[in-house]
Amino acid sequence: MESFGTRLHRAITERGPLCVGIDPHPGLLAQWGLPDDVHGLDRFSRTVVEALGDRVAVVKPQSAFFERFGSRGVAILESTIRQLRDAGSLVLLDVKRGDIGSTVSAYAAAYLDPSSPVYVDAVTASPYLGVGSLAPMFELAAEHGGGVFVLALTSNPEGAAVQRAVTADGRTVAQTVIDEISQLNRGASPLGSFGLVVGATIGDTGHDLSGVGGPLLAPGLGAQGAGAADLRTVFGSSLASVLPSYSREVLSAGPDVGALRAAADRVLVDCRAVLPAR
Ligand SMILES: O=c1ccn([C@@H]2O[C@H](COP(=O)(O)O)[C@@H](O)[C@H]2O)c(=O)[nH]1
5 MESFGTRLHR AITERGPLCV GIDPHPGLLA QWGLPDDVHG LDRFSRTVVE
55 ALGDRVAVVK PQSAFFERFG SRGVAILEST IRQLRDAGSL VLLDVKRGDI
105 GSTVSAYAAA YLDPSSPVYV DAVTASPYLG VGSLAPMFEL AAEHGGGVFV
155 LALTSNPEGA AVQRAVTADG RTVAQTVIDE ISQLNRGASP LGSFGLVVGA
205 TIGDTGHDLS GVGGPLLAPG LGAQGAGAAD LRTVFGSSLA SVLPSYSREV
255 LSAGPDVGAL RAAADRVLVD CRAVLPAR
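Add 4 to a position in the sequence shown, counting from 1, and you land on the number used in the numbering used here.
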């Protein structure tokens, strides 16, 4: 299997630099005229797949909104993942897993082993038990052409207190994450398979992202207040690696399939105006 970085690079070249989230908030279900139950969840997810699965490079289901319905919600997540794969978009499951290494092995088997029912192209991971504890995810991803996006500088205001804390060697926690992921991507071309999450809301990061070599997922656009123009400030000379991510900004255009497509097209135009051509 080709590496995730290679597959992502091709998807972005063919479809444009955009990730759209499937975040079925209770408020969005109500806005779409859907019940706040598994039937509403299923209809919501199928509509997003129909609208965007064949045109957006990456679709990012937010696991929490499926898990809140228990096993029936997870069954709908499994089915949504299959539908997205059939439609041709890469699937990034936003599940932010992290634990001691032996448990991370089980998370890796769940999401990055092709024989699993919740197998996806890539996952988000939390590094706060140590980036090294995520090694089983990195290894299984490398073996099966998967990707891992590790939290570095998140879009929420509470993140900075932890992520910008200074470690014993003088680097911030975030910079240690950035440096370890950069190492993993060393030599990868055209793009590494190990990404970082850096919020579009955070302004000038004050961190060196230039050597990451992998994708920089940028949530926080739209509903959280950042606009495409903010990507310049946040990413500076690393703009060419940015994968902008929108959820509510696009989803709130539904349930009309044409309106969802128009909303995704609009944010993609905004991002293309800022990002270098790829
Ligand atoms: O730093 C982070 C990491 C992840 N997220 C997730 O992205 C979406 C954002 O949704 P919007 O509706 O576009 O605000 C959501 O699933 C978050 O859990 C993030 O926002 N920031």
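All C-beta atoms in this analysis are idealised placements derived from N, C-alpha and C, irrespective of residue type, glycine included. Note that the structure is predicted; figures quoted are calculated from it, not measured.
Using the three-state DSSP reduction, which class does residue i fall into: helix, strand or coil?
i	result
Ile206	coil
Leu195	coil
Tyr132	coil
Gln66	strand
Ala114	helix
Leu213	coil
Ala230	strand
Asp98	strand
Thr171	coil
Ser249	strand
Gln178	In the sequence under discussion, the amino acid at residue 178 is Ala, which differs from the Gln named in the question. Looking at Ala178 - three-state DSSP - the assignment turns out to be helix.
Val122	coil
Val271	helix
Ala244	helix
Leu279	coil
Ala222	strand
Quick one: is the Cβ of residue i within less than 7 Å of any heavy atom of ligand 1?
i	result
Val201	yes
Arg252	yes
Gly31	no
Asp27	yes
Asn189	no
Thr158	yes
Ala227	yes
Ser49	no
Pro223	yes
Asp234	no
Asp274	no
By alpha-carbon positions, which one of the options ends up nearest to residue i?
i	options	result
Ser197	Leu243, Gly240, Met141	Met141
Gly191	Gly149, Gly102, Gly218	Gly218
Arg11	Gly102, Val124, His29, Gln66	Val124
His211	Ser241, Leu225, Ala227	Ser241
Ser214	Asn189, Ala61, Ala257, Ala230	Asn189
Gly44	Gly77, Asp58, Val63	Gly77
Gly105	Arg168, Leu144, Ser186	Leu144
Leu272	Ser251, Gly258, Asp260	Ser251
Gln35	Ala281, Leu255, Asp274	Leu255
Ile85	Gln187, Leu32, Gly25	Gly25
Asp208	Asp117, Cys23, Gly174, Arg168	Arg168
Pro28	Gly262, Glu253, Ala281, Arg265	Glu253
Gly258	Arg50, Ala164, Leu157	Arg50
Leu94	Val60, Gly229, Tyr115	Val60
Gln228	Phe239, Val216, Ser249	Ser249
Ala230	Gly31, Leu32, Thr158, Gly151	Thr158
Leu96	Gly163, Ala263, Gly199, Ser186	Gly199
Val152	Gly163, Ala164, Val181	Val181
Roughly how many angstroms lie between the CA atoms of residue i and residue j, to the nearest whole one?
i	j	result
Asn160	Ile206	8 Å
Pro223	Leu279	15 Å
Ser120	Pro65	17 Å
Asp58	Ala172	47 Å
Leu247	Leu221	5 Å
Leu88	Arg236	30 Å
Gly203	Leu243	13 Å
Val135	Thr128	13 Å
Ala268	Ala110	35 Å
Val52	Ala266	13 Å
Leu38	Arg47	8 Å
Ala178	Lys100	16 Å
Does the beta carbon of residue i sit closer than 8 Å to a beta carbon anywhere in chain D?
i	result
Tyr115	The structure shown contains no chain D; it is built from a single protein chain.
Give a single yes or no on whether residue i has its beta carbon closer than 7 Å to a heavy atom of ligand 3.
i	result
Ala110	The model on display carries ligand 1 but not ligand 3.
Ignoring anything shorter than 4 residues or poking outside the segment 20-79, list the alpha helix (DSSP H) runs there in chain order. 30-35, 42-56, 67-71
Quick check for students: name the residue ranges of the alpha helix (DSSP H) that lie wholly in the segment 133-160, counting only runs of 4 or more. 139-148
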